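Okay, structure first, notes after.
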Amino acid sequence: MDIAHRLESIKSTLPAQCRLIAVSKTHPVETIQEAYMAGQRLFGENKVQEMVPKSEALPKDIEWHMIGHLQRNKVKYIAPFVTLIHSVDSMSLLEEINKQAEKVGRVIPCLLQIHIAMEETKFGFSEEEVMRFLRDGAITALSHVKVYGLMGMATLTDNQAQIRSEFGGLKKLFDSIRQAGYPGTDMRELSMGMSSDYTIAIEQGSTLIRVGSSIFGSRNYSTK
Ligand SMILES: *Cc1c(COP(=O)(O)O)cnc(C)c1O
6 MDIAHRLESI KSTLPAQCRL IAVSKTHPVE TIQEAYMAGQ RLFGENKVQE
56 MVPKSEALPK DIEWHMIGHL QRNKVKYIAP FVTLIHSVDS MSLLEEINKQ
106 AEKVGRVIPC LLQIHIAMEE TKFGFSEEEV MRFLRDGAIT ALSHVKVYGL
156 MGMATLTDNQ AQIRSEFGGL KKLFDSIRQA GYPGTDMREL SMGMSSDYTI
206 AIEQGSTLIR VGSSIFGSRN YSTK
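Here the sequence shown is numbered in this note's numbering, starting from 6 and rising by one per residue.
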């Protein structure tokens, strides 16, 4: 199957409230172009140094989603064009995004990354941290960022019940934050689900799935 068919077969399973981000990290511009020609407009990258040249080489109506860990000193390079930053995992990063967004006259939509997996190595806030963070109200001072929702990655496991419970927990947290209506937030996106677990994520209420290898095939490199 080619890229167009793979995109189509994933999209045909999506409920109306869920959109597909094609994770194009490590893949060349020509491959992204092929997906673009098939109608795909949302792309996800995890490295600033890949996203910037790709965004320059490709059509301007592409939405670029930053899904990987973001260093503060690199925010300035993506601030002019990034659509949504999924991986905000600290107040200091959010402050830097705010600063760079102000410089380019934008309000940048952000998601708070929540640590839901059992692995120790994944980035993100704990539930307690994020609640403290939102209650304390410091983000209301940041007028050039808007918290649009949450992002999470489930444990890398074959245990579907485990994945379901992690995504279900994230959805619960999302709903409770949305209901509380904290200033500085406008909860509309729940980013969860990758190639191996997106069907479970959709079932648990995902609005943005981030799928790479099921569209583009496996990546030829050893570090994610
Ligand atoms: C690479 C990546 C994905 C996509 O992973 P696949 O297994 O290739 O679908 C999704 N989310 C994040 C944060 C990633 O880094």
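Note that the Cβ used here is the ideal one computed from N, Cα and C, for glycine as well.
Small disclaimer: the values here were computed from a predicted structure and weren't measured.
Cross-strand partners of residue i (DSSP beta bridge)
i    : result
H70  : G49 and L89
M156 : Q118 and S196
T190 : V152
Assigned exposure category for residue i - 16 Cβ within 10 Å defines buried
i    : result
L117 : buried
E125 : exposed
Contacts around residue i, its chain only, beta-carbon distance under 8 Å, and the 5 residues preceding and following it disregarded
i    : result
T145 : P188 and G189
K229 : Here K229 scores only 41 on pLDDT, less than 50, and its place in the model is too uncertain to base an answer on.
Which listed residue (the options) has its alpha carbon closest to that of residue i
i    : options                  : result
E10  : T36, E208 and A40        : Looking at the sequence shown, residue 10 is not Glu but His. If we check each option's Cα against that of H10, A40 comes out closest.
N164 : G157, L63 and M123       : M123
E194 : T204, S29, I205 and L178 : L178
N103 : G129, E133, A143 and H74 : A143
K108 : S14, L89, S148 and M71   : S148
G44  : K176, A21 and I8         : I8
D231 : K81, E55, F86 and Y82    : In this structure the chain extends from 6 to 229, so residue 231 is not present and cannot be described.
A21  : I83, T36, G110 and E208  : E208
E13  : S211, C115 and I220      : I220
Contact check, residue i vs residue j, beta carbons under 8 Å
i    : j    : result
M156 : H91  : yes
L75  : L47  : no
G49  : H70  : yes
I182 : L213 : no
L175 : I119 : yes
Cβ-based neighbour list, residue i, same chain, cut-off 7 Å, excluding 5 preceding and 5 following
i   : result
V34 : K59, A62 and L63
Close Cβ partners of residue i (< 6 Å) along its chain, the five nearest in sequence each way excluded
i    : result
K79  : V53
R215 : I26, V28, G49, I72 and M199
I168 : A159, D202 and I205
**Request:** Please list, in chain order, all residues with a C-beta atom less than 5 Å from at least one heavy atom of ligand 2.
**Result:** Within the structure as shown, ligand 2 is missing, the only ligands being ligand 1.
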